[in-house]
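In UniProt numbering, the protein residues as written are 1 to 122. As structure tokens, the structure follows; a few thoughts come after it.
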Amino acid sequence: MKEKEFRRSLAVLPIGTAMSLTGLSARQIRYYEKNELVVPKRNDTNRRMYSLDDIDKLLEIKDYLAEGMTIAEIKKIGQKKPEKISDDDLRRLLREEFISASGMDSNHSGFSFKDSKRHFQF
1 MKEKEFRRSL AVLPIGTAMS LTGLSARQIR YYEKNELVVP KRNDTNRRMY
51 SLDDIDKLLE IKDYLAEGMT IAEIKKIGQK KPEKISDDDL RRLLREEFIS
101 ASGMDSNHSG FSFKDSKRHF QF
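Following this line, the structure appears as structure tokens:
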């Protein structure tokens, strides 16, 4: 997983590509940078270079604005650090969601964790 995270963080996309992928103008992207919503890397010639993570952030910003949020509200959301969750906790949460979505209670005798493993890769 570390390699995937590393690849997503590589800043290799110029602003033109970021514009094409997000549907945003260069002016909009620079405005978001000015407001510290996205911080692209700079190459040797001082050009902005975006990573896939940056593209995801830009798309989230676009979605938040479409929902009517302000730049200040979006900035607050971006400042919150995502919680780290262990694999075991994630499996437990997924199992609970699966049980909830199926309409069974966790003590239902016809349901087992093995059954869920057949349908979902945990």
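Just so you know, even glycine gets a beta-carbon here, dropped at the ideal spot from N, CA and C.
Endpoints, the beta strand (DSSP E) within which residue i is located
| i | result |
| --- | --- |
| R48 | 48-50 |
DSSP-derived helix/strand/coil call for residue i
| i | result |
| --- | --- |
| K62 | helix |
| K41 | strand |
| L24 | coil |
Other residues of its chain near residue i: CB distance less than 6 Å, five sequence neighbours each side excluded
| i | result |
| --- | --- |
| R8 | L52, D53 |
| L13 | Y50 |
Supposed close pair residue i, residue j - CB separation, criterion 8 Å
| i | j | result |
| --- | --- | --- |
| K62 | L37 | The Cβ separation is near 11 Å, so there is no contact. |
| Y31 | P40 | Y31 to P40, Cβ: 13 Å. No contact. |
| T22 | L59 | 6 Å |
| I71 | N35 | 5 Å |
| Y64 | I74 | 5 Å |
Limits of the alpha helix (DSSP H) - the one that residue i falls within
| i | result |
| --- | --- |
| L93 | 87-102 |
| E5 | 2-9 |
| K80 | Element bounds for K80: n/a, residue is neither H nor E. |
Close-in-space but distant-in-sequence residues of the same chain around residue i (CB under 7 Å, 5 per side omitted)
| i | result |
| --- | --- |
| G78 | L37 |
| K4 | none |
Residues near residue i by beta carbon distance below 8 Å, same chain, minus five either side
| i | result |
| --- | --- |
| E33 | V39, P40, R48 |
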